[in-house]
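Engineer: FYI, in this note's numbering the residues of the sequence shown are 294 to 778.
Idealized CB from N, CA, C, for every residue including glycine.
Values in this document were obtained by computation on a predicted structure and should not be read as measured data.
Handing you this structure, nothing more for now.
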Amino acid sequence: ASARLATPITVKPEDINRTALGYDPHQRSWNYLEPWLGGEWHVGDIVKDQLITMESCLYQAAVRREDLLKYFYTVGTRAVAKTAPYAFVISADQRDPGATKILMETLSFGMVEIDRASAAFTAGSQKYPTGSLVIRMQQPYSAFAKTLLERQNYPDLRLYPGGPPKRPYDVTAQTLPLLMGVAVDTIEQPFEAQLSAARDFTSVKRAGTLSASDTDSWRAVNDAWKRGRSVYRETSGDFRFDASNGARKVKQPRVALYKSYMPSMDEGWTRWMLDNFGFRYESVYNKDILAGSLNERFDVIVFPEMQPATIQSGHKPGAMPDEYTGGLGDKGAEALKAFAAKGGTVVFLNDSSEWAAHHLGLAVKNALSGVSNREFYAPGSLLNARGEQHPLTLGMPTDFTVWFESSPAFEVPVSGTDRAVVTYPDSKVLASGWLLGEKYLFRKAAVVDSAMGSGHVILFAIRPQYRAQSYLTLKMFFNSLVYFE
């Protein structure tokens, strides 16, 4: 609940939102024991609510400490007794060692026990090299590991038979191997291997080059630029610090990240990932883009996920002080087109790509426009896709998964300046989660590169940097910042 910057508000019972995710705010339920019936709400009520919740938790822990310890022990005992699957195995041979390291550290932080093989072994019908990692399920936190490593098959839940989907509280897939591009095998039967506890997950890098398939390469590249070193790139996408093997020099991009006065969580995630990988960037607002002459300051402008109306119109006049109202409007669109025509790259993520398709005069159309959620619904799922050979897919496998969350899907003309870089297949689109009406995605584009003058407008109709987890498609986003033709 919000008190709007400490200003008390009055809420009538009939105004309480009935579309809350996961519960009906008007009815008592297991996850909403005491429905609030409305009335005045002050900032002090927010503080009281938090204090009551914390004190209740501490009180229960104190008076029922023996029960809590017994339950904790019981849960752990049941977990250790599990027999299927026997283990998850992560081969030492991975396309993306950097993402593999992050995945293993995430599981280890959740107290999952991970072992490393000191010799090659066979599990199931697969042979694994020395250094492969094993997560056995007979351990206290096996359920946590299993939840993050397996694919989710979310049920088709409706508000009533034949009705619209019952919205989940959050997303419907959390399969980290698919998000991160890490090969993880499920082994059903016991096997023999020489194992010891793994403490460090850093892999040995190949000397001389930085692989385009390794996410960590981008950290090394940005660190080199920061120290004034020259960076070169081979046609394969691999990076070098010399011009051998036909490598061409790539310059450090001047990146701008659009920041609306209507806050976007995705803007924060994007900023965090740019910081995390060492990219140099500058936040820009409406006035900066409307001022024009963008090529003098930037090579790339990134628009994080936000509603098209947020970009176009922003806050209405009178809703905020004048300097915080309005959006880019048609003048801003013209400034961006001029920027691209002179060699700039403009990148749009998820919903913001719809604004670009409409206001920048692109020939692509959202195939999902006007389709009701009774026919098509994907509230946060991992989908199968295929990438073309293209500067954006350097370092990517041919087939991979993308994060789709109420996203657009573009129809791209066969002829013209728009190119479908990543498309959905014509069957079996769902990889993990919930997808209703997959036929609407058949052969539609998830990533589009639209040439404009000597520059590019890139539409990611997905979230390539989703919650700082989708390391697999993150490489495409970084490739868009350093467009290597």
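From the DSSP secondary-structure annotation, give me the bridge partner or partners of Gly-680.
Structural biologist: Answer is Val-715.
Engineer: Between which two residues does the beta strand (DSSP E) harbouring Tyr-421 extend?
Structural biologist: Element bounds for Tyr-421: 419 to 421.
Engineer: Decide yes or no for the touch test of the stretch 606 to 619 against the stretch 702 to 712: beta carbon pairs closer than 8 Å, at least 3 of them.
Structural biologist: No, because fewer than three Cβ pairs between the stretch 606 to 619 and the stretch 702 to 712 fall closer than 8 Å, the two stretches do not touch.
Engineer: Quick one: residues in its chain with C-beta nearer than 8 Å to the C-beta of Pro-318, no 5 flanking neighbours on either side, listed in chain order?
Structural biologist: Ile-309, Asn-310, Arg-311, Tyr-325, Pro-328 and Trp-329, listed in sequence order.
Engineer: Can you tell me whether DSSP reads Lys-363 as helix, strand or coil?
Structural biologist: Here Lys-363 sits in helix by DSSP.
Engineer: Could you pull the start and end residues of the alpha helix (DSSP H) that His-652 belongs to?
Structural biologist: Start and end: 645 to 652.
Engineer: Taking only the alpha-carbon atoms, compute the straight-line gap between Glu-598 and Ala-650 and give it to the nearest angstrom.
Structural biologist: Their backbone Cα atoms lie some 14 Å apart in a straight line.
Engineer: Nearest by alpha-carbon distance to Thr-528: which of Lys-519, Thr-716 and Gly-539 is it?
Structural biologist: Among Lys-519, Thr-716 and Gly-539, the Cα nearest to that of Thr-528 belongs to Gly-539.
Engineer: Compare the C-alpha of Gly-654 against each of Leu-675, Arg-533, Ser-662 and Ala-628 and name the closest.
Structural biologist: Residue Ala-628 is the option with its Cα nearest to Gly-654.
Engineer: Can you tell me the Cα-Cα spacing of Ser-674 and Leu-723, whole angstroms?
Structural biologist: Computed Cα separation, rounded: 8 Å.
Engineer: I'd like the list of long-range same chain contacts for Gly-474, defined as Cβ closer than 7 Å, with 5 residues on each side in sequence excluded.
Structural biologist: So the qualifying residues of the chain are Arg-388, Asp-389, Ala-392, Phe-693, Tyr-764 and Leu-765.
Engineer: Have a look at Gly-688, Ala-416 and Tyr-447 and flag the residue whose alpha-carbon is nearest the alpha-carbon of Thr-479.
Structural biologist: It is Ala-416.
Engineer: What distance in whole Å lies between the Cβ atoms of Arg-760 and Trp-562, which are believed to be in contact at a cut-off of 8 Å?
Structural biologist: Contact holds; Cβ gap of about 6 Å.
Engineer: With DSSP as the reference, identify every bridge partner of Thr-508, one or two as the case may be.
Structural biologist: Beta-bridge pairing links Thr-508 to no other residue.
Engineer: Kindly indicate which residue of Glu-481, Ser-496, Phe-381 and Gly-748 has the alpha-carbon position closest to the one of Thr-440.
Structural biologist: Measuring from the Cα of Thr-440, the nearest candidate turns out to be Phe-381.
Engineer: Closest by CA to Tyr-574, which one among Glu-560, Gly-585 and Ala-584?
Structural biologist: Closest option to Tyr-574, Cα to Cα, is Glu-560.
Engineer: Alpha carbon to alpha carbon, how far is Gly-730 from Gly-680?
Structural biologist: Gly-730 and Gly-680: Cα-Cα distance of roughly 22 Å.
Engineer: Can you tell me whether Met-404 is buried or exposed? The criterion is at least 16 other CB atoms within 10 Å of its CB, across all chains shown.
Structural biologist: The residue in question, Met-404, is exposed, as its Cβ has fewer than 16 Cβ neighbours within 10 Å.
Engineer: Suppose contacts are defined by Cβ-Cβ distances below 8 Å. Is Val-246 in contact with Pro-546 by that definition?
Structural biologist: A query on residue 246 cannot be resolved here, the shown segment of the chain reaching from 294 to 778 and no further.
Engineer: Which one of Ala-626, Trp-334, Gly-663 and Gly-456 has the shortest CA to CA distance from Arg-596?
Structural biologist: Looking at the sequence itself, residue 596 is Phe, so the reference to Arg does not match. The residue with the shortest Cα to Cα distance from Phe-596 is Ala-626.
Engineer: Skipping 5 residues on each side, what residues in its chain have a beta carbon closer than 8 Å to that of Met-555?
Structural biologist: Same-chain partners within the cutoff: Met-599, Thr-603, Gly-607 and His-608.
Engineer: Excluding sequence positions up to five away, which residues of its chain have a Cβ less than 8 Å from the Cβ of Thr-367?
Structural biologist: Excluding residues within five positions, none has a Cβ falling inside 8 Å.
Engineer: My output table needs one value for Lys-721: the three-state DSSP class, helix, strand or coil.
Structural biologist: Three-state result, Lys-721: coil.
Engineer: Please name the residue in Arg-520, Asp-568 and Pro-757 whose C-alpha comes closest to that of Leu-471.
Structural biologist: When each option's Cα is compared against that of Leu-471, the closest is Pro-757.
Engineer: Run through the DSSP bridge pairs and tell me what Asp-692 is partnered with.
Structural biologist: Bridge partners of Asp-692: Arg-679.
Engineer: Report the start-end ranges of each alpha helix (DSSP H) in the stretch 587 to 635 that is 4 residues or longer and not cut off at the edges.
Structural biologist: List check, alpha helix (DSSP H) in window: 601 to 605 and 622 to 634.
Engineer: Short of 8 Å in beta carbon distance, which residues of its chain neighbour Asp-719, apart from the five on each side in sequence? Order them along the chain.
Structural biologist: Excluding sequence neighbours, Asp-719 sits near Phe-735 and Arg-736.
Engineer: Mapping the DSSP letters down to three states, classify Ser-489 as helix, strand or coil.
Structural biologist: Strand at Ser-489.
Engineer: Measuring alpha carbon to alpha carbon, tell me which of Asp-581, Lys-630, Asn-643 and Met-613 ends up nearest Pro-601.
Structural biologist: Nearest of Asp-581, Lys-630, Asn-643 and Met-613 to Pro-601, Cα basis: Asn-643.
Engineer: Around the Cβ of Asp-535, are there at least 16 other Cβ atoms within 10 angstroms (buried) or fewer (exposed)?
Structural biologist: By the neighbour-count rule (16 or more Cβ atoms within 10 Å), Asp-535 is not buried but exposed.
Engineer: Would you kindly report the start and end of the unbroken beta strand (DSSP E) that includes Glu-575?
Structural biologist: Note, Glu-575: beta strand (DSSP E), 574 to 577.
Engineer: Which term fits Ala-678, buried or exposed, when burial requires 16 or more other beta carbons within 10 angstroms of its beta carbon?
Structural biologist: Buried.
Engineer: Tell me the rounded alpha-carbon separation between Lys-768 and Gln-431.
Structural biologist: If I take the Cα positions, the gap works out to 35 Å.
Engineer: Judging by CA-CA distance, which residue of Arg-358, Ala-754, Ser-699 and Phe-753 is the nearest neighbour of Asp-463?
Structural biologist: Nearest C-alpha to Asp-463: Ser-699.
Engineer: Grab me the residues of Leu-567's own chain with a C-beta within less than 6 Å of its C-beta, minus the 5 sequence neighbours each way, in chain order.
Structural biologist: Counting only Cβ-Cβ distances below 6 Å, and skipping sequence neighbours, we find Tyr-574.
Engineer: What does a CB cutoff of less than 7 Å around Pro-684 pick up in its chain, not counting 5 residues either side in sequence?
Structural biologist: Correct list, in chain order: Asn-772, Tyr-776, Phe-777 and Glu-778.
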